[in-house]
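Contents: one structure, followed by commentary.
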Amino acid sequence: MQGLRVIDLSQIFAGPYATKLLADMGAEIIRVECAARSGRGGGLPRMKPGGAFGSSFPDGDTGERSYNRFAYYNEVNRNKYAITLDLTKPLGVEVFEKLVKVSDVLVENFSPRVMANFGLDYPALKQINPEIIMVSISGYGQDGPYRDYVAYGQGIEAMAGFSRLTAYPDGEPLKAGVAYADATSGLFAAFAILAALRYRQQTGKGQYIDLSMREA
Numbered sequence: 088m089q090g091l092r093v094i095d096l097s098q099i100f101a102g103p104y105a106t107k108l109l110a111d112m113g114a115e116i117i118r119v120e121c122a123a124r125s126g127r128g129g130g131l132p133r134m135k136p137g138g139a140f141g142s143s144f145p146d147g148d149t150g151e152r153s154y155n156r157f158a159y160y161n162e163v164n165r166n167k168y169a170i171t172l173d174l175t176k177p178l179g180v181e182v183f184e185k186l187v188k189v190s191d192v193l194v195e196n197f198s199p200r201v202m203a204n205f206g207l208d209y210p211a212l213k214q215i216n217p218e219i220i221m222v223s224i225s226g227y228g229q230d231g232p233y234r235d236y237v238a239y240g241q242g243i244e245a246m247a248g249f250s251r252l253t254a255y256p257d258g259e260p261l262k263a264g265v266a267y268a269d270a271t272s273g274l275f276a277a278f279a280i281l282a283a284l285r286y287r288q289q290t291g292k293g294q295y296i297d298l299s300m301r302e303a
């Protein structure tokens, strides 16, 4: 996938996992992180010496580069470039739009209202780059009664009935040891992007992909 440029606006696991898979296949990934929260790891707290996330290190010491010792963040964001932008400011939006012009794919996993509030939803981005492929990963999709509910993988497992399958026959529902909804959504997103690229190759048209974690 060399030559493919992907803008990664996603956080936590589902979106970053999707773009990590593309990066592993050779795509160029550019993470756009919030300038106001640049001290956080893609929506996750950075590790601090003596903090909870430092407990897996000898004597709880994360070393001199504690900001770069968060294995969870580093694992799903390997092989990526990163910049920080403030999309609430005109200059941040201007730089972002320039990036959209020269990119192939955009992945985001905000709740459905966010990109529209920025003025950067798919209709707007399509005006900038008609061939852009945009993937929106959300808990329950971009429409419907649950669209505005924010979600994490483990909560989605319960809503989808998955937690019932992991319980003992005579016990209460249990969460899985891994956030399957996040991983599955990321995998589905990566495959959907490959299909959209094939479609664009045949038609010259971009595409919008609405990916619901619950459906995945």
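For the sequence shown, this note's numbering gives the first residue as 88, with consecutive numbering after it.
A virtual CB, placed ideally from N, CA and C, is assigned to each residue, including glycine.
Continuous beta strand (DSSP E) stretch holding residue i: start and end
{"i": "TYR317", "result": "Outside the shown range of the chain (88 to 303) lies residue 317, about which nothing can therefore be said."}
{"i": "ASP257", "result": "Careful: ASP257 lies outside any beta strand (DSSP E) and carries neither H nor E."}
{"i": "LEU193", "result": "192–195"}
{"i": "GLN294", "result": "294–299"}
{"i": "ARG118", "result": "115–121"}
{"i": "SER97", "result": "Element bounds for SER97: n/a, residue is neither H nor E."}
Beta-carbon proximity of residue i to residue j, cut-off 8 Å
{"i": "THR106", "j": "LYS185", "result": "no"}
{"i": "ALA276", "j": "LEU298", "result": "yes"}
{"i": "GLY248", "j": "ALA238", "result": "no"}
{"i": "ILE296", "j": "SER190", "result": "no"}
{"i": "LYS188", "j": "ILE170", "result": "no"}
{"i": "LEU109", "j": "ILE116", "result": "yes"}
{"i": "ASP269", "j": "ALA101", "result": "yes"}
Spatial neighbours of residue i in its chain, beta-carbon cut-off 6 Å, leaving aside the 5 residues before and after
{"i": "THR271", "result": "ALA303"}
{"i": "ALA283", "result": "ILE220, GLN294"}
{"i": "LEU233", "result": "Per the sequence presented here, residue 233 reads as Tyr, with Leu not at that position. Here the set comprises TYR227."}
Selection from the options that minimises the alpha carbon distance to residue i
{"i": "VAL163", "options": "GLY291, ASP191, GLY273", "result": "GLY273"}
{"i": "GLU195", "options": "TYR255, ILE224, LEU212", "result": "ILE224"}
{"i": "TYR159", "options": "ILE243, ASP111, PRO210, GLN98", "result": "GLN98"}
{"i": "GLN241", "options": "MET300, LEU174, PRO217", "result": "MET300"}
{"i": "GLY113", "options": "MET246, LEU91, GLY206", "result": "LEU91"}
{"i": "THR175", "options": "PHE157, ASN204, ASP148, TYR255", "result": "ASN204"}
{"i": "GLN288", "options": "ASP230, GLY231, GLU218", "result": "GLU218"}
{"i": "ASP111", "options": "ILE117, MET88, THR290", "result": "MET88"}
Residues near residue i in its chain [Cβ-Cβ closer than 7 Å; skip 5 each side]
{"i": "LEU172", "result": "VAL119, ALA122, GLY179, VAL182, PHE183"}
{"i": "ASP235", "result": "SER198, PRO199, ARG200"}
{"i": "LEU96", "result": "VAL119, LEU193, VAL194, GLU195"}
{"i": "GLN229", "result": "PRO199, SER223, ASP297"}
{"i": "ALA279", "result": "VAL222, ILE296, LEU298"}
Same chain only: Cβ atoms within 8 Å of residue i, ignoring 5 sequence neighbours per side
{"i": "TYR286", "result": "LYS292, GLN294"}
{"i": "ALA263", "result": "GLN241, GLU244, PHE249, SER250, THR253"}
Within-8 Å CB hit, residue i to chain B
{"i": "GLN294", "result": "Looking at the structure shown, chain B is missing, and only one protein chain is on hand."}
Delimiting residues of the alpha helix (DSSP H) encompassing residue i
{"i": "VAL182", "result": "177–188"}
{"i": "ASN161", "result": "158–163"}
Task: Complete beta strand (DSSP E) runs within the stretch 191–274 (minimum length 3 residues, chain order) - done: Uninterrupted beta strand (DSSP E) stretches at least 3 residues long and entirely within the stretch 191–274 occur at 192–195, 220–225, given in chain order.
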